[in-house]
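Sequence positions in the sequence shown follow the numbering used here and run 976 to 1284.
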Amino acid sequence: MSGVPVQSPEAARLAAPLEEEELARLEASVQAALEAGSGEGLEVLGYGEISTVLALNTAAGRFACKRLPVFPGEERLSRYAEVFASYLGALAEAGVEPLESRLQATPARGGGLAVYCVQPVLEPGCLGPRYLASCGEEEGRQLLEQIVSTTARAAGERLGLDAQLSNWALSHGELVYLDVTTPLLKDEQGRQRLDTRLFTASLPWALRGLVQALLLEEILGHYHAHRPALLDLAANLYKERLERWVPVVLELANRVVDPPLTVDEARRYYRSDARMWELLQRLRRLDRAWQRWVRRRVYPFLLPARIER
Ligand SMILES: Nc1ncnc2c1ncn2[C@@H]1O[C@H](COP(=O)(O)OP(=O)(O)OP(=O)(O)O)[C@@H](O)[C@H]1O
Ligand SMILES: [Mg+2]
């Protein structure tokens, strides 16, 4: 594909693991930011609904580090690492190129392990939303065609995929998938192999059980079939302010989806999805205020500022 920004060579590969001290230094600055209740001292590359992506500059190059919830110990981490590795393998097998990703851990203050998914940093112009925003008709269609066909081929009973544009990038002209920290992989019995409790830990205590049920049934279920995954891709373009591409995605998706998707369905889906995430983020902010001002505790997650939806 033409017009792909060239990356600096040191950002292109994860040559070696991060030095222990480098990761400890990053974690110390995250702790300082959490204690101060501000993002000062951190270079944030992006916020997802769940994780925060930080840049780390080292002598060996620049890395993207996704901080996962703190793990209670080695055993939970090794179980997660196993699912994570299987997921990367399953994606590649299904024709999805995952961005090079490695898990690294360092002791967390107050016990447990701070775990990071480390990746090469992609230039902003390579990331799906920014790239599409700069595309002409033909180039944009090519990118979306690739995303739609890759998703249709890969998302199924066993392997799940979050096809939203913000999870894709063009690295050296190749389509890569970067959102690998929530490995969506089911076992033979059709159960999610991921320990989803690790991820609901960032929610207020009273809500965890409810969201746990929701997460498994409703949210994660969407990623295991190509119709809902493609509906999600189309609907999310409203959030990205790229709605002019919605009809293109629908047209491409409708070659493989039955019953066909419509603009109306995408709009309705977007509204209810946006409401759900907005509610969850608001509850997390409330919980943070409660922990900070009433319980006088350090709130342990970096939350995004208000997301425009
Ligand atoms: N390697 C990277 N280089 C540059 N920016 C990145 C990189 N990885 C992620 N980002 C930015 O951070 C955003 C969020 O990343 P990602 O999708 O991995 O997290 P997420 O959506 O929170 O994932 P999950 O919900 O599964 O935890 C991306 O959409 C992108 O803008
Ligand atoms: Mg994402």
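Just so it is clear, CB atoms sit at the ideal spot from N, CA and C, and this is done for glycine as well.
Positions of the beta strand (DSSP E) runs, each at least 3 residues long and wholly inside the region 1131 to 1215, are given as 1143 to 1146, 1149 to 1152 in order along the chain. Note: tyrosine 1091 is bridge-paired with Arg1042, Gln1079 in the DSSP secondary-structure output. Secondary structure note for valine 1269: it is in no beta strand (DSSP E), with a DSSP letter that is neither H nor E. When the alpha-carbon of valine 1224 is set against those of Ala1209, Arg1230, Asp1233, the nearest one is in Ala1209. In the structure shown, arginine 1037 falls within a strand segment according to DSSP collapsed to helix, strand and coil. Every residue whose beta carbon comes nearer than 5 Å to a heavy atom of ligand 2 appears here in chain order: Gly1023, Asn1142, Asp1154.
For threonine 1027, the three-state secondary structure derived from DSSP is strand. According to DSSP, valine 1123 shares a beta bridge with no other residue.
Between the region 1087 to 1099 and the region 1027 to 1046, the count of C-beta pairs closer than 8 Å reaches three or more; the two stretches touch. Membership of leucine 1020 in the beta strand (DSSP E) is indicated by the continuous run 1019 to 1022. For tyrosine 1244, the closest C-alpha among the options Leu1001, His1197, Glu995, Glu1072 is that of His1197.
Within 10 angstroms of the beta-carbon of tryptophan 1180 lie fewer than 16 other beta-carbons, which makes it exposed. In terms of Cβ geometry, leucine 1017 and serine 1004 form a close pair [threshold 9 Å]. Asparagine 1229 is bridged by DSSP to nothing; it lacks a bridge partner. With distances taken between CA atoms, leucine 1153 lies nearest to Val1028 out of Val1186, Ala1280, Val1028.
Per the coordinates, the alpha-carbon of threonine 1157 lies some 10 Å from the alpha-carbon of serine 1026. Close CB contacts of leucine 1254 within its chain, under the 6 Å cut and outside five residues either way in sequence, are absent.
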